[in-house]
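This report refers to the structure that appears directly beneath it.
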Amino acid sequence: MEKNKIRRSTEIATRYFDFLDQHIDDVVNGDVSDFFELNRIARELTISHKHLTDIIKTEKGHHPCHFYDAKIISKAQELLTTSDLSIAQIAMKLTYDPSNFSKFFKKWTGFTPGEYRNEKQK
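Residue numbers (our numbering): 1 to 122.
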């Protein structure tokens, strides 16, 4: 019984991370207009918000929002280094006001988006 519970937790965590990857791509591509809140993601995965939170914290050691933000930052880094989009355009693709995006990005990386792009282009 315990083995099944562990497998189910791992499956839910995997589904969560797969969902985030697809959802972030959908937002960037304009297929979805805004990022879903965590309770909506839980509903999409057919589990409760609390259950999702408990599983991700147990399986991965952080709240699901931590990983959501980390994946958004990863997508921003990818766009900054592989596209010719302006920082404002990238912010808008990620549904952020450009000034809020810069603060969010710097909080996570220690660099402004411009500094990050310049550093990676050297």
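Glycine is no exception: its CB is placed at the ideal position from the N, C-alpha and C atoms.
Here the structure is a predicted model, which is why all the values come from computation and not from measurement.
Would you kindly report the start and end of the unbroken alpha helix (DSSP H) that includes residue i?
i: H54; result: Strictly speaking, residue 54 in this sequence is Asp, with His absent from that position. Segment H49 to K60, the alpha helix (DSSP H) holding D54.
i: D34; result: Premise fails: D34 is in no alpha helix (DSSP H) and is neither H nor E.
i: F111; result: Counting along the chain, F111 falls outside any alpha helix (DSSP H), and DSSP gives it neither H nor E.
i: S74; result: P64 to T82
i: Q121; result: Careful: Q121 lies outside any alpha helix (DSSP H) and carries neither H nor E.
i: L38; result: L38 to E44
Just checking my contact of residue i with residue j at CB under 8 Å: how many whole Å lie between their CB atoms?
i: I55; j: A91; result: I55 to A91, Cβ: 31 Å. No contact.
i: L38; j: C65; result: 6 Å
i: F19; j: I41; result: 6 Å
i: Q77; j: Y16; result: Not quite, the Cβ-Cβ distance comes to about 21 Å (not below 8 Å), so this is no contact.
Quick one: what's got a C-beta closer than 8 Å to residue i's C-beta in the same chain, skipping five residues either side?
i: Y96; result: F104
i: Q121; result: T81
i: E44; result: F19 and F36
Tell me which same chain residues have a C-beta within less than 6 Å of the C-beta of residue i, skipping the five on either side of it?
i: K75; result: I24
i: N29; result: none
i: W108; result: I73
Within the same chain, show all residues whose beta-carbon is closer than 7 Å to that of residue i, passing over the 5 residues directly before and after it, in chain order.
i: I72; result: I24 and L94
i: K106; result: T112
i: M1; result: Note on M1: pLDDT 46, under 50, position unreliable in the model; the coordinate value appears next. So no residue of the chain qualifies.
Determine, for residue i, whether the minimum Cβ-Cβ distance to residues of chain B falls below 8 Å.
i: H66; result: The displayed structure is made up of one protein chain only, and chain B is not part of it.
**Study point:** Cβ pair count under 8 Å reaching 3, the stretch 84-95 against the stretch 48-58
**Key:** no
Practice item. Tell me, please, whether the stretch 99-110 touches the stretch 52-66 by the rule of three or more beta-carbon pairs shorter than 8 Å. Key: By the Cβ rule, the stretch 99-110 does not count as touching the stretch 52-66, because fewer than three pairs are nearer than 8 Å.
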